[in-house]
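Some notes on the structure that comes next.
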Amino acid sequence: MSAGEWIAAAAVAVFLLLVILVARPLMKLGRTLDEATIAIRKAHENSDPLFNGANTTLTHVNTQLERVDGITANAQAVSGNVSALTSVFTATLGGPLVKVAAVSYGLSKAIKARRKRKEEREGKHTRSRRGRK
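Using our numbering, read the sequence shown as starting at 3 and increasing by one per residue.
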């Protein structure tokens with residue numbers, strides 16, 4: 003064998019060694035991809051009941067939200083009615099009630115002031131009498 007044939011045989015041997023070294027990780031990668039494909043299929047098969055359950059739950063939630071919307075609409079109507087009633091009460095009775103309250107407050111203050119002055123006068127008379135004795 004000539005030197006060129008030895009070099010060619012060595013190159014072939016190195017090439018075979020590289021193929022063997024690369025083949026093992028490639029085979030492991032292929033098995034990993036196969037396992038991933040199986041896991042994806044199982045997840046897809048198991049997701050249908052999950053999505054059906056979620057769809058049912060969302061349907062129930064939407065039904066309850068519609069009920070809440072109805073209740074909220076009724077509460078808004080009641081609030082509007084109370085507001086209108088308050089406006090009517092304020093317009094018809096608010097002014098006179100404020101006037102009556104003001105008059106009663108004024109009378110109360112006047113009566114208290116009068117009592118206080120009367121008590122002060124009576125207190126002066128009793129003190130002056132005590133001084134004479």
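All residues carry an ideal CB built from backbone N, CA and C; glycine is no exception. In this text, all values refer to a predicted model and were calculated from it rather than measured experimentally.
Check for me: the alpha helix (DSSP H) holding residue i runs from which residue to which?
i: Ala86; result: 5-91
From residue i to residue j, what distance separates their C-alpha atoms?
i: Glu124; j: Ile113; result: 16 Å
i: His46; j: Gly82; result: 52 Å
i: Ser4; j: Ala10; result: 10 Å
i: Thr73; j: Ser85; result: The sequence shown places Ile at residue 73, rather than the Thr named in the question. About 18 Å.
i: Leu28; j: Trp8; result: 30 Å
i: Lys101; j: Ala77; result: 34 Å
i: Ala103; j: Gly97; result: 10 Å
i: Ser106; j: Val80; result: 34 Å
i: Ala12; j: Leu18; result: 10 Å
i: Thr61; j: Ser49; result: 18 Å
i: Lys111; j: Arg69; result: 55 Å
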